[in-house]
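Right, one structure below, let's go through it.
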Amino acid sequence: MTSFDRPQLDAFAAAYPEQPVKLRHGLCGHPLLTLESLAELAGRMRAEDIEYYPGDTPFGVDPQSAPGNGLSIDETIRRIEECGSWMVLKFIEQDEIYRALLDEALAPLAPAVRPTGAMHTHRGFVFISSPGSATPLHFDPEHNILLQIRGEKVMSIFPADDEELAPMEEHERYYAGGHRNLPWRDEFETRGSKFHLQPGEALHVPFMAPHWVKNGDAVSVSFSITWRSDWSFREECAHGMNRMLRKAGLQPARPKRYPHQNHVKSLGYRAIAKARRLAGLDA
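Terminal number for the sequence shown in the numbering used here: 283, no gaps in between.
So this is what it looks like as structure tokens:
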């Protein structure tokens, strides 16, 4: 059972790293991605690596204000069809069995991602959603392909360089330890591209591209396979450098997207961070 065949890999390579693209995958029906197997996985995971919320969470919600659903993690998964929730099992690569599944799914992509440098930090996420539930607007610090395993959903992806929707300050806040959720305004809606995903379909989500997700009328299970690249780390460091410059009273320019590499700010940030670590100070 393979993740992507040659035509899908060619389509991905043509879109990577900056364009979303729908693909076909071969992991539907995998025994590790059933609700029963995922409930068992959740029972082995650390509580801090699982997030779950009511399914009617608004797109622009502050995660600190989102209420719980009143159920345990195990109950949420086993009652997902009726409990009106969505949840994510994060960093499933910490489980040996699921790490092997993630590595197998990512392996065919390695040649296509060479333009952004080596493939680092393999991470896997599983999203389990009740019918009609929504995942708020957010961005993620990884290159990501979302594989739809069960049910249907609509994902709306917005340009990663939209300064009004995801301003520099939001990037700097996130990289300083803030949450991934972004403020939402209804007028943003027309700026996104919507993709309808069914079982067996997948979607490449560009690095740090804001997106929201709306589930269909059945239980949804999605498997997100992610990695970091040399280029993504340089952009992160450039935002870190901008944060330092802003604290110093300057107004730095936004880091540029691919194919720009942001070498100067990245190297500067890493040098300062290293010096502060050696001096026993926070980076």
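Positions of the beta carbon are idealized from the N, C-alpha and C atoms, including for glycine.
Practice problem: Buried or exposed for Leu250, please, with buried defined as at least 16 other CB atoms from any protein chain shown within 10 angstroms of its CB. | Solution: Along the sequence shown, read from residue 1 onward, the residue named residue 250 stands at position 250. That one is exposed.
Quiz prompt | Under the three-state DSSP convention, the category Ala351 falls into | solution = Here the chain has residues from 1 to 283 only, and residue 351 is not among them.
Quiz item: Which residue from Pro136, Met244, Pro108 puts its Cα closest to that of Asp289?
Solution: No answer is possible for residue 289: the residues shown for the chain start at 1 and end at 283.
Quiz item: Distance, Cα to Cα, Glu152 vs Gly200?
Solution: As a working note, residue 152 is residue 152 in the sequence shown. As a working note, residue 200 is residue 200 in the sequence shown. Taking the straight line joining both Cα atoms gives about 10 Å.
Practice problem: Evaluate Leu278 with the Cβ neighbour count: other Cβ atoms within 10 Å of its Cβ, from every protein chain shown; 16 or more gives buried, anything less gives exposed. | Solution: Within the sequence shown, residue 278 is the residue found at index 278, counting from 1. Answer is exposed; the Cβ neighbour count stays below 16.
Quiz item: Quick one: Cα of Pro167 to Cα of Glu40, how far?
Solution: As a first step, residue 167 is located in the sequence shown; it is residue number 167 there, counting from the start. As a first step, residue 40 is located in the sequence shown; it is residue number 40 there, counting from the start. Roughly 40 Å between the two C-alpha positions.
Quiz prompt | Three-way DSSP call (helix, strand, coil) for Arg46 in this model | solution = Taking the first residue of the sequence shown as position 1, residue 46 is located at position 46. In this structure, Arg46 counts as coil in the three-state DSSP scheme.
Quiz item: Relative to the C-alpha of Ser130, which residue among Val88, Pro159, Pro111 is closest?
Solution: Looking up residue 130 in the sequence shown gives position 130. Of Val88, Pro159, Pro111, the residue nearest in Cα terms is Val88.
Quiz prompt | 8 Å contact criterion, which Ile73 and Leu38 should meet: CB distance rounded | solution = By 1-based counting over the sequence shown, the position of residue 73 is 73. By 1-based counting over the sequence shown, the position of residue 38 is 38. So it is not a contact: roughly 10 Å between Cβ atoms.
Quiz item: By the 10 Å Cβ neighbour count, where 16 or more other Cβ atoms means buried, how is His204 classified, buried or exposed?
Solution: Counting from 1 along the sequence shown, the entry for residue 204 is found at position 204. It is buried - the Cβ of His204 has at least 16 other Cβ atoms within 10 Å.
Exercise. Reducing DSSP to helix, strand and coil, say where Ala202 ends up.
Key: Numbered from its first residue, the sequence shown carries residue 202 at position 202. It is a strand residue.
Quiz prompt | Burial state of Arg185 (16 or more Cβ within 10 Å) | solution = Position 185 of the sequence shown, counted from the start, is the residue given in the question as residue 185. By the 10 Å Cβ count, Arg185 comes out exposed.
Practice problem: Can you tell me which of His25, Pro7, Ser3 puts its alpha carbon nearest to the alpha carbon of Gln198? | Solution: Taking the sequence shown and counting its residues from 1, the one referred to as residue 198 is at position 198. The shortest C-alpha separation from Gln198 is found at His25.
Quiz item: Do His143 and Phe207 have their C-beta atoms within less than 8 Å of each other?
Solution: Here residue 143 refers to the residue found at position 143 of the sequence shown. Here residue 207 refers to the residue found at position 207 of the sequence shown. For His143 and Phe207, yes; Cβs fall inside 8 Å.
Practice problem: Tell me whether the beta-carbon of Ala176 lies closer than 8 Å to the beta-carbon of Arg243. | Solution: Position 176 of the sequence shown, counted from the first residue, corresponds to residue 176. Position 243 of the sequence shown, counted from the first residue, corresponds to residue 243. In contact: Ala176 and Arg243 (Cβ atoms closer than 8 Å).
Self-check item: Met244: first and last residue of the uninterrupted alpha helix (DSSP H) it sits in
Solution: Locating residue 244 in the sequence shown gives position 244, counting from the first residue. From DSSP, the alpha helix (DSSP H) with Met244 extends over 230-247.
Quiz item: Just reading off the alpha helix (DSSP H) that Ser266 is part of, what are its end residues?
Solution: As a working mapping, residue 266 is identified with position 266 in the sequence shown. From DSSP, the alpha helix (DSSP H) with Ser266 extends over 263-278.
Practice problem: Less than 8 Å between the CB atoms is what I'm expecting for Asn303 and Arg228, so what's the real figure, rounded? | Solution: In the structure as shown, the chain begins at 1 and stops at 283. Residue 303 is therefore absent and cannot be evaluated.
Quiz item: Hey, how far is the Cα of Ser298 from the Cα of Leu102?
Solution: Because the chain here runs from 1 to 283, residue 298 falls outside it and cannot be looked at.
Quiz item: By a C-beta neighbour count over all protein chains shown, 10 Å radius and 16 as the cutoff for buried, is His196 buried or exposed?
Solution: For the purposes of this step, residue 196 is taken as the residue at position 196 of the sequence shown. His196 is classed as exposed because its beta carbon has fewer than 16 other beta carbons within 10 Å across all chains shown.
Exercise. Please list, in chain order, all residues of the same chain as Ala286 whose beta carbon is under 8 Å from its beta carbon, the five residues on each side excluded.
Key: This structure cannot settle anything about residue 286, because the visible part of the chain is limited to 1 through 283.
Quiz item: Going by C-alpha distance, which of Phe125, Leu146, Phe188 is nearest Val21?
Solution: As a working mapping, residue 21 is identified with position 21 in the sequence shown. Among Phe125, Leu146, Phe188, the Cα nearest to that of Val21 belongs to Leu146.
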